[in-house]
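Asker: In the numbering used here, the protein residues as written are 15 to 199.
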Amino acid sequence: MISAGDFKNGLTLEIDGQVVQIVEFQHVKPGKGAAFVRTKMKNVINGGVVERSFRPTEKFPAARIDRKDQQYLYSDGDLYYFMDPENYEQIALNDDAVGDSLKFVKENEIVKICSYKGSVFMIEPPLFVELEVTDTEPGFAGNTAQGATKPATVETGATIQVPLFVNIGDVLKIDTRTGEYLSRV
15 MISAGDFKNG LTLEIDGQVV QIVEFQHVKP GKGAAFVRTK MKNVINGGVV
65 ERSFRPTEKF PAARIDRKDQ QYLYSDGDLY YFMDPENYEQ IALNDDAVGD
115 SLKFVKENEI VKICSYKGSV FMIEPPLFVE LEVTDTEPGF AGNTAQGATK
165 PATVETGATI QVPLFVNIGD VLKIDTRTGE YLSRV
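(1) Which residues does DSSP pair with SER89 in a beta bridge?
(2) Check each candidate in THR190, VAL147 and ILE36 and name the one with the smallest Cα separation from LEU178.
(3) Is it the case that the Cβ atoms of ILE36 and PHE50 are separated by a distance below 8 Å?
(4) From the DSSP secondary-structure annotation, give me the bridge partner or partners of GLU151.
(5) What residues are listed by DSSP as bridge partners for PRO165?
(6) How should ALA166 be labelled, buried or exposed, when 16 other C-beta atoms within 10 angstroms of its C-beta is the threshold for buried?
(7) How would you write the range of the alpha helix (DSSP H) that VAL112 sits in, first residue to last?
(8) Can you list, in chain order, the residues of its chain with a C-beta nearer than 6 Å to that of GLU169? Leave out the 5 residues immediately preceding and following it.
(9) If you pair each beta-carbon of the segment 69-86 with each one of the segment 119-130, do three or more pairs fall below 8 Å?
(10) For my contact list, VAL180 and VAL143 are in at a C-beta cut-off of 8 Å; report their separation, rounded to the angstrom.
(11) Could you check the C-alpha separation between ALA172 and THR53 for me, to the nearest Å?
(12) Could you tell me which of VAL34, LEU87 and TYR102 sits nearest to GLY24, measuring between CA atoms?
(13) With the cut-off set at 8 Å, would you say LEU107 and VAL134 are in Cβ contact?
(14) How many angstroms separate the CA atom of GLN40 from the CA atom of VAL199?
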């Protein structure tokens with residue numbers, strides 16, 4: 015059990031039957047009245063963010079989130095297949111569990127599958143990926159004073175904004191958290 019006075023950013027708890035992660039917390043000691051802890055919590059299952067205050071003595075059980083490396087194999091319709099690289103067991107997840115977390119992931123790459131009590135709620139792609147540009151307009155001279163960008167489609171089918179000098183066939187390093195172009199490889 016973890017008391018509200020011991021909250022830290024990133025801590026995962028079970029509160030009122032919901033699995034939440036502490037995004038922000040602040041210990042508040044008003045001039046009059048008892049101290050309290052103001053928190054901003056994210057529901058890890060549905061992604062909703064809630065602000066709530068607690069007395070520092072309130073206690074909550076820690077939620078155990080399992081993160082397991084899995085190799086993304088392929089997709090077939092609305093099913094996505096993953097394999098455990100240690101024992102070669104395969105699992106299939108539907109579109110609801112996957113969402114758009116695989117838009118920058120190629121087949122055979124390693125991802126982390128997050129589950130709570132056996133039910134998968136999220137897939138964490140690698141932080142950075144290297145993908146080849148399959149389609150973009152040719153760059154043109156001029157109008158580069160403000161760091162102009164153009165859309166480009168990468169080999170997984172995702173579209174990102176890239177600088178004008180990027181051409182078809184270039185391999186790009188992309189941040190999967192923001193979907194931003196970082197550099198050419």
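Note that beta-carbon positions come from the ideal geometry of N, C-alpha and C, so glycine has one too.
Answerer: Result, derived from the coordinates:
(1) In the sequence shown, residue 89 corresponds to position 75, counting from 1. Beta bridge pairing from DSSP links SER89 with TYR94.
(2) Position 164 of the sequence shown, counting from 1, holds the residue named residue 178. Nearest C-alpha to LEU178: VAL147.
(3) Mapped onto the sequence shown, residue 36 falls at position 22. Mapped onto the sequence shown, residue 50 falls at position 36. The answer is no: Cβ separation not under 8 Å.
(4) Taking the first residue of the sequence shown as position 1, residue 151 is located at position 137. By DSSP's assignment, GLU151 forms no beta bridge with any residue.
(5) Taking the first residue of the sequence shown as position 1, residue 165 is located at position 151. DSSP output for PRO165 lists GLN175 as bridge partner(s).
(6) Reading the sequence shown from its first residue, position 152 is the one you call residue 166. With 16 or more other Cβ atoms within 10 Å, it is buried.
(7) As a working mapping, residue 112 is identified with position 98 in the sequence shown. DSSP places VAL112 in the uninterrupted alpha helix (DSSP H) bounded by 109-112.
(8) Stepping through the sequence shown from its first residue, residue 169 is reached at position 155. The answer, listed in chain order, is LEU145, GLU146 and THR148.
(9) These segments touch.
(10) Along the sequence shown, read from residue 1 onward, the residue named residue 180 stands at position 166. Along the sequence shown, read from residue 1 onward, the residue named residue 143 stands at position 129. 16 Å between Cβ atoms; not a contact.
(11) Along the sequence shown, one-based indexing puts residue 172 at 158. Along the sequence shown, one-based indexing puts residue 53 at 39. The alpha-carbon atoms of ALA172 and THR53 are separated by roughly 35 Å.
(12) Walking along the sequence shown from the start, residue 24 turns up at place 10. Nearest C-alpha to GLY24 among VAL34, LEU87 and TYR102: VAL34.
(13) Here residue 107 is taken as the residue at index 93 of the sequence shown, counted from 1. Here residue 134 is taken as the residue at index 120 of the sequence shown, counted from 1. Result yes, Cβ atoms of LEU107 and VAL134 sit closer than 8 Å.
(14) In the sequence shown, the residue the question calls residue 40 occupies position 26. In the sequence shown, the residue the question calls residue 199 occupies position 185. Roughly 42 Å separates the two Cα atoms.
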